[in-house]
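The structure appears below as structure tokens.
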Amino acid sequence: MSKQLLQEYFQLCPDGICDLTVLTEDEKRKVDDGSVYLVGVIQKAGTKNGNGRIYRKETLQREIESYQKAISERRALGELDHPDDSVVNLKNSSHLVSKTWWDGDNVMGKIEVLDTPSGKVLKALLKSGVKLGISSRGLGSVSEGANGTIMVEDDFQLICFDIVSEPSTPGAYLNPEGQSRSRISMALSENKKSISRSQKVNNILDDILGE
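Numbering-wise (the working numbering), the sequence shown opens with residue 214 and increments by one.
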């Protein structure tokens, strides 16, 4: 059974609110100085996702455990947008997964936005109130299960977690730590009044790349 590239989308911050309590005191000080952290659900076990796929918990447990080495060595990088390959391109990296843990059947994650060119784009998008989603990327084969579900087989290999603009799961968006829900809503409202979202994103990218 051949492997394919599997990409899934999840809600990182439930209801648009991230959990500040998981940040260390040092990270909280960095937030005050402009650093950005994202916290929330990054994968789910035993639940049919927006692509109709289900991951067994034992499979995810194995892969998340294996992922800890990359986290401890600060190699757990992700990209801004999904490439159609199984390699994390360093030049496109925008963030780093610094911690993962289980909450029931949910895989939780803490993500540090980097000061790379793509990371600066990500920070600018978040600052401007653009809604973004978290998505896992991995290789694996699938089989058809009961009631039309698709089971991800045990050969699944986790690659990374990317930040994307078009989540397939309704409401699967994330927001930065330290930024209130009301401020984000206000920013989105102002954007709608003045300029379309696509135009706003293009202007942000032009400003950053033009620096």
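All C-beta atoms in this analysis are idealised placements derived from N, C-alpha and C, irrespective of residue type, glycine included.
Just so we're clear, the structure is a prediction, and the values are computed from it rather than from any experiment.
Own chain, CB closer than 7 Å to residue i, minus 5 neighbours either side, in chain order
| i | result |
| --- | --- |
| Trp314 | Met321 |
| Glu240 | Tyr250 |
Nonlocal neighbours in the same chain, by C-beta distance under 8 Å from residue i, ignoring five residues either side
| i | result |
| --- | --- |
| Ser356 | Met214, Ile363, Met364, Glu366 |
Sequence-distant residues of the same chain with beta carbon closer than 6 Å to residue i, five excluded per side
| i | result |
| --- | --- |
| Leu219 | Gly351, Gly353 |
| Thr272 | Asp367, Phe369 |
| Lys216 | Leu352, Gly353, Ser354 |
| Ala400 | Bear in mind that a pLDDT of 28 at Ala400, under 50, signals an unreliable position, so the model cannot answer this. |
| Gly332 | Ser307, Val326 |
| Ser311 | Lys323, Glu325 |
For residue i, the first and last residue of its enclosing beta strand (DSSP E)
| i | result |
| --- | --- |
| Leu352 | 346-353 |
| Ser306 | 306-316 |
| Ile245 | It is Asp, not Ile, that sits at residue 245 in the sequence shown. No beta strand (DSSP E) contains Asp245, which is instead part of the alpha helix (DSSP H) from 238-245. |
| Leu290 | 290-292 |
Neighbour-count burial assignment, residue i, 16 or more Cβ in a 10 Å radius
| i | result |
| --- | --- |
| Ala359 | exposed |
| Ser407 | Because Ser407 sits at a pLDDT of 38, beneath the cut-off of 50, its placement in the model cannot be relied upon, and the following sentence gives the value as read from the coordinates. Classification of Ser407: exposed, given that the 10 Å Cβ count is below 16. |
| Lys282 | exposed |
| Ser349 | buried |
| Lys304 | exposed |
| Glu276 | buried |
| Arg287 | exposed |
| Asp246 | exposed |
Which of helix, strand or coil DSSP assigns to residue i
| i | result |
| --- | --- |
| Lys333 | helix |
| Arg266 | strand |
| Lys261 | coil |
| Lys426 | A query on residue 426 cannot be resolved here, the shown segment of the chain reaching from 214 to 424 and no further. |
| Val320 | strand |
| Val377 | strand |
| Gly342 | coil |
| Glu366 | coil |
| Val207 | Given a span of 214 to 424 for the chain in the structure shown, any question on residue 207 remains unanswerable. |
| Gly361 | helix |
| Leu327 | coil |
Through-space distance from residue j to residue i, alpha-carbon basis
| i | j | result |
| --- | --- | --- |
| Pro296 | Ser248 | 26 Å |
| Ser299 | Glu292 | 12 Å |
| Asp318 | Lys270 | 7 Å |
| Gly445 | Lys257 | With the chain covering 214 to 424 only, the question about residue 445 has no answer from this structure. |
| Leu371 | Glu238 | 30 Å |
| Leu339 | Thr329 | 15 Å |
| Gly361 | Thr260 | 13 Å |
| Asp316 | Asn302 | 30 Å |
| Cys373 | Val244 | 24 Å |
| Ser378 | Ile255 | 15 Å |
| Gln274 | Thr234 | 24 Å |
| Leu290 | Gly265 | 26 Å |
| Lys336 | Tyr280 | 25 Å |
| Arg242 | Leu236 | 10 Å |
Contact with chain D by residue i, beta-carbon distance below 8 Å
| i | result |
| --- | --- |
| Ser341 | The structure shown contains no chain D; it holds only a single protein chain. |
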